[in-house]
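Using the numbering used here, you'd call the opening residue of the sequence shown number 510 and step up by one each time.
Virtual Cβ for every residue (Gly too), placed ideally from N, Cα, C.
A quick note: this is a predicted structure, and the numbers were derived from the prediction, not measured.
Below you'll find the structure, written out as structure tokens, and then a few comments.
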Amino acid sequence: MVATDLKYENEVPFKLGVVGHFGLAVRSPKKSAGWFQRVLGLRKEFEFDNGIAVGNDNVTIALFKGRPAPKTFDHMSFHLPNMLILRKALAHLKRHRVIIEDPGREIGPEGPGSKNMGIWFCDPDGYRWELSVQGVAEEMVKRA
Numbered sequence: 510m511v512a513t514d515l516k517y518e519n520e521v522p523f524k525l526g527v528v529g530h531f532g533l534a535v536r537s538p539k540k541s542a543g544w545f546q547r548v549l550g551l552r553k554e555f556e557f558d559n560g561i562a563v564g565n566d567n568v569t570i571a572l573f574k575g576r577p578a579p580k581t582f583d584h585m586s587f588h589l590p591n592m593l594i595l596r597k598a599l600a601h602l603k604r605h606r607v608i609i610e611d612p613g614r615e616i617g618p619e620g621p622g623s624k625n626m627g628i629w630f631c632d633p634d635g636y637r638w639e640l641s642v643q644g645v646a647e648e649m650v651k652r653a
């Protein structure tokens, strides 16, 4: 952390908490909600005009009827507890015919030099998602 980071941290009278919810424009909220339920295990939380909210104890995703705009952000990442669960997630995604990035090398570091390992994929509306495990790359290298 650089000195200017500390300056702003000390000046702001609050700290952001867990993500409450975020919204995405999708072609069909009903179809998208079904995908998020089947593929990511989210539950339907409630319906609203032109949309459906799906989520779990960690996050809610509000799916609004509209024109999808997947280029508005690069991706959203969710942490998983360990590599065993990440591998199970990969197998689950493949069973649901989700297109995974980097075929044959699906699980990889989040970036050059990163200790975090992840997999990346897109939903039917083109939004990019990541499932990752934090701080495991060194451990994996030691096992190799």
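Distance, Tyr636 Cα to Glu518 Cα: For the purposes of this step, residue 518 is identified with residue 9 of the sequence shown, where counting begins at 1. For the purposes of this step, residue 636 is identified with residue 127 of the sequence shown, where counting begins at 1. As the crow flies, the alpha-carbon of Glu518 is around 31 Å from that of Tyr636.
Are the beta-carbon atoms belonging to Ile570 and His530 less than 9 Å from one another? Residue numbering aside, residue 570 sits at position 61 when the sequence shown is read from its first letter. Residue numbering aside, residue 530 sits at position 21 when the sequence shown is read from its first letter. Taking 9 Å as the Cβ cut-off, Ile570 and His530 qualify as a contacting pair.
Which residues DSSP lists as bridging Met592, in chain order: Residue numbering aside, residue 592 sits at position 83 when the sequence shown is read from its first letter. Partner(s): none; Met592 has no beta bridge.
Relative to the C-alpha of Val535, which candidate in Leu572, Gly617, Cys631 and Val642 has its C-alpha closest? As a first step, residue 535 is located in the sequence shown; it is residue number 26 there, counting from the start. The closest CA to that of Val535, considering only Leu572, Gly617, Cys631 and Val642, is found on Leu572.
To the nearest angstrom, how far is it from the Cα of Ser541 to the Cα of Leu599? Here residue 541 refers to the residue found at position 32 of the sequence shown. Here residue 599 refers to the residue found at position 90 of the sequence shown. When rounded, the distance between both Cα atoms is 20 Å.
Glu615 beta carbon less than 9 Å from that of Ser586: By 1-based counting over the sequence shown, the position of residue 586 is 77. By 1-based counting over the sequence shown, the position of residue 615 is 106. The beta carbons of Ser586 and Glu615 sit no closer together than 9 Å.
Excluding the 5 residues preceding and the 5 following Asp611 in the sequence, name in chain order all residues of the same chain whose CB lies nearer than 7 Å to its CB. Working through the sequence shown from its first residue, we reach residue 611 at position 102. Once the five neighbours on either side are set aside, the close Cβ partners of Asp611 are Gly617.
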